[in-house]
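First up is the structure itself, then whatever we jot down about it.
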Amino acid sequence: MPILKVFIDDRQLSTQLNQMVSELSNPKALHQDISEYLQLSTAERWDKEQAPDGLSWEGLKESTKERKTKNKNSILREYDFLRDTLAYFANDGGVEFGSNRVQVALMQ
199 MPILKVFIDD RQLSTQLNQM VSELSNPKAL HQDISEYLQL STAERWDKEQ APDGLSWEGL
259 KESTKERKTK NKNSILREYD FLRDTLAYFA NDGGVEFGSN RVQVALMQ
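Counting from 1 along the sequence shown, just add 198 to a position and that's the residue number in my numbering.
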């Protein structure tokens with residue numbers, strides 16, 4: 199009677215799983231990577247004038263365009279002041295991302 203033997207070499211998988219467990223026991227590095235991604239993706243969407251879901255921001259009213267002295271057709275881009283205030287804090291406990299400017303909260 200034929201016997202089927204299957205050998206599975208799980209050393210590589212075991213090594214990778216152990217590395218993942220090690221990284222998750224000290225999540226600060228992961229949180230910093232997430233924070234960097236948030237910073238870059240938010241700046242990119244800001245430049246494209248897109249929401250996180252990919253939808254375009256609502257256009258400016260003519261009265262707003264008339265008041266602006268620079269970048270008249272760009273939304274939230276007159277001087278790029280708000281975009282440049284975005285920052286993050288990452289530690290083992292999580293990520294905080296945002297700005298301390300009241301104007302940013304009003305744009306949510």
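Cβ coordinates follow ideal geometry from the N, Cα and C atoms, glycine included.
All values reported here derive from a predicted model rather than from experimental measurement.
Residue 283 and residue 270 have their C-alpha atoms spaced approximately 21 Å apart.
Apart from sequence neighbours up to five positions away, the residues of its chain that approach residue 281 with a beta-carbon distance below 6 Å are 244, ordered along the chain. Boundaries of the alpha helix (DSSP H) harbouring residue 235: 226-246, taken from the DSSP string. Residue state for residue 260 is assigned as helix, using DSSP reduced to three classes. The stretch 288-300 makes contact with the stretch 221-238, as at least three CB pairs between them are under 8 Å. Closest in C-alpha terms to residue 296, from the list 239, 213, 275 and 258, comes 239. Annotated three-state conformation of residue 293 is strand, per DSSP. When DSSP states are grouped into helix, strand and coil, residue 249 belongs to the coil group.
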